[in-house]
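Data first, discussion second: the structure below is written as structure tokens.
Residue numbers (the numbering used here): 2 to 165.
This is the structure:
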């Protein structure tokens, strides 16, 4: 009877160690990009691990930029609120007009990058978004869903209605 737990312990330990090794390997081969100085490139036309709206339009229901009904500061507040409501999302970098958000998947701990850029054009607050997976050839639809969620949040945010 004492042998059964021991027989299960070794395979369980091997699975846990393999999982930890896999996560460490993923972290090493997918370094965090620096979006503090430059914005991401456009998604490749056939890419299935990238999505965007506005200047990065690719694989989203909303192809154009979001016209935010408020100031740039309020748009930034809305983005911060949206990130705080999401599990496993953190702001890696932000300034007055750009946010770099890192979102981590639950099981395998893959990190995806979301860049949101806010600008003022003709008195309107314009929001662009770009979401991409760091590794792999497909995101299984996660990036477009993430951007659709952000767009819904921006469009439903209670703002002053003032211009940028």
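Glycine residues also receive a C-beta, built at the ideal position from the N, C-alpha and C atoms.
Which partner residues of residue 127 appear in the DSSP bridge assignment? Start at 1 with the first residue of the chain shown, and residue 127 comes out as number 126. For residue 127, which the question treats as bridged, DSSP gives the partners 68, 120.
Going straight from the alpha carbon of residue 112 to that of residue 21, what length do you get? Here residue 112 corresponds to residue number 111 of the chain shown, with the count starting at 1. Here residue 21 corresponds to residue number 20 of the chain shown, with the count starting at 1. Here the C-alpha atom of residue 112 lies approximately 15 Å from the C-alpha atom of residue 21.
DSSP on residue 92, reduced to helix/strand/coil? The residue you call residue 92 lines up with position 91 of the chain shown. In the three-state reduction of the DSSP assignment, residue 92 falls in the strand class, which pools E and B.
Is the CB-CB distance between residue 144 and residue 153 below 8 Å? Against the chain shown, residue 144 aligns to sequence position 143. Against the chain shown, residue 153 aligns to sequence position 152. Note that the C-beta distance between residue 144 and residue 153 is not below 8 Å.
Write down the C-beta distance between residue 83 and residue 130 rounded to the nearest angstrom, noting that I regard them as a contact closer than 8 Å. Looking up residue 83 in the chain shown gives position 82. Looking up residue 130 in the chain shown gives position 129. With a beta-carbon spacing of about 11 Å, residue 83 and residue 130 fall beyond the 8 Å limit used to define contacts.
Element boundaries [alpha helix (DSSP H), containing residue 154]: On the chain shown, residue 154 is found 153 positions in, with the first residue counted as 1. DSSP places residue 154 in the uninterrupted alpha helix (DSSP H) bounded by 143–157.
Can you tell me whether DSSP reads residue 78 as helix, strand or coil? Counted from its first residue, the chain shown places residue 78 at position 77. Assigned with DSSP and collapsed to three states, residue 78 falls in helix.
Under 7 Å from any heavy atom of the ligand COA, does the C-beta of residue 50 make it? Absence of the ligand COA from the depicted structure is noted, as is the absence of any ligand whatsoever, leaving it without description.
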